[in-house]
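Mind the numbering: the sequence shown is residues 24 to 253 in our numbering, read in order.
Cβ atoms here follow ideal geometry from the backbone N, Cα and C, with glycine treated the same way.
Below is one structure, written out as structure tokens; the observations come after it.
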Amino acid sequence: MHLQPSYVLTVDCCFIKISYCHDQDRYHDHTSFDYKSNNLVVIRHKATTYGLKLNDNPYADLLDFRSKRRRAIELGTGCGAAGMALYLLGLVDIVLTDISPVMPALKHNLKRNKPVLNKALKTSVLYWNNRDQIRALNPPFDVVIAADVVYIEESAVQLLGAMEELVSDDGVVLLGYQLRSPEAHKLFWELCEKAFVIEKVPHEDLHHDYCYEEADVYILKKKKKKENVE
Ligand SMILES: C[S@@+](CC[C@H](N)C(=O)[O-])C[C@H]1O[C@@H](n2cnc3c(N)ncnc32)[C@H](O)[C@@H]1O
């Protein structure tokens, strides 16, 4: 990973080269990909990219996006790197969502990467507390992607509510996580364990180039509703 002048960050790994340029003032990002093979899922990017190995791990089936078509949605997409990477790995039925002010930067990046993506990925404005927007996306989804989205205590409840409404009963939330705010962290995980079975991916199953001590990948599955016993 090389940090170059002008906020350009180049992340180089076995299948993807992300040239990421971030203009702090205008939230204007440039991301481009160089797709090489398919043995890494990038859950998040920037300074702390973490990747799940696609092969030779207990999650290979879960991450086999090519042989099993899944409906997917990303929450808090930002500039779109995780969503674009997952699309390239076969998660082709994916909609990238974020709040309105982020859309111009996201769309700019998608347009910039169109030669690699070969199509315009779907985007949608989604505020996690907006039930109408959630319903309009026609849930449930098989896969919900969320990367580095737990950082504001006030929105932790909304985020979990959106995850619960969006993911199917047998679907998964792939959460890229790094502790940003102790308050948001506490609330998020307290509420999360009420609704989801939480599995933390062991670091040996993360790609060695992207295994940072402070960064984790979680797999969340909805808890089964207790059957009514008459
Ligand atoms: C730290 S950024 C992470 C962006 C991207 N996933 C990444 O890993 O680079 C958090 C993202 O969550 C979005 N977000 C925060 N609160 C939100 C809310 N209430 N509803 C929808 N999106 C929200 C922000 O707009 C931002 O793009």
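- Residue 110 sits buried, since 16 or more C-beta atoms from the chains shown fall within 10 Å of its C-beta.
- Contact check for residue 182 and residue 167: beta-carbon distance about 10 Å, past the 8 Å limit, so the pair fails to qualify.
- For residue 164, the uninterrupted beta strand (DSSP E) run begins and ends at 164 to 170, by DSSP.
- The beta carbon of residue 208 lies closer than 6 Å to those of 202 in the same chain, with the five residues before and after it left out.
- The C-beta of residue 143 has fewer than 16 other C-beta atoms within 10 Å across all chains shown, which makes the residue exposed.
- When the Cα atoms are used, residue 126 and residue 98 turn out to be separated by approximately 13 Å.
- With a threshold of 16 other beta carbon atoms within 10 Å, residue 196 meets it and is buried.
- Taking C-beta separations shorter than 7 Å and ignoring five residues to either side along the sequence, the partners of residue 178 in its chain run 151, following chain order.
- Comparing C-alpha distances from residue 123 to each of 139, 108, 146 and 107 shows the shortest one belongs to 146.
- Each of 170, 214, 153 and 159 was checked against the Cα of residue 185, and the nearest Cα belongs to 153.
- Going by DSSP, residue 194 is part of the beta strand (DSSP E) stretching over 190 to 201.
- Residue state for residue 224 is assigned as coil, using DSSP reduced to three classes.
- C-alpha of residue 85 to C-alpha of residue 79: approximately 12 Å in a straight line.
- By the beta-carbon neighbour count (other beta carbons within 10 angstroms, threshold 16), residue 200 is buried.
- Cα atoms of residue 90 and residue 217: separation of roughly 32 Å, rounded to the nearest angstrom.
- By the criterion of a C-beta distance shorter than 8 Å, residue 220 is surrounded in its chain by 243, 244, 245 and 246, once the five residues flanking it on both sides are discounted.
- Going by beta carbons, residue 119 and residue 106 fall inside the 7 Å limit.
- Checking the 6 Å criterion, the Cβ of residue 101 is within range of a heavy atom belonging to ligand 1.
- When DSSP states are grouped into helix, strand and coil, residue 93 belongs to the coil group.
- When the five nearest sequence neighbours on each side are left out, the beta carbons in the same chain lying within less than 7 Å of the beta carbon of residue 103 are those of 54, 119, 129, 132 and 133, in order along the chain.
- Taking residue 223 as the centre and dropping the five residues before and after it, the same chain places the C-beta of 239 and 241 closer than 7 Å to its C-beta, in chain order.
- By the neighbour-count criterion, in which 16 or more other beta carbons inside 10 Å mark a residue as buried, residue 136 falls on the buried side.
- Residue 175 has no beta-bridge partner at all, per DSSP.
- The segment 79 to 141 contains, as complete beta strand (DSSP E) runs of 3+ residues, the segments 94 to 98 and 116 to 121 (chain order).
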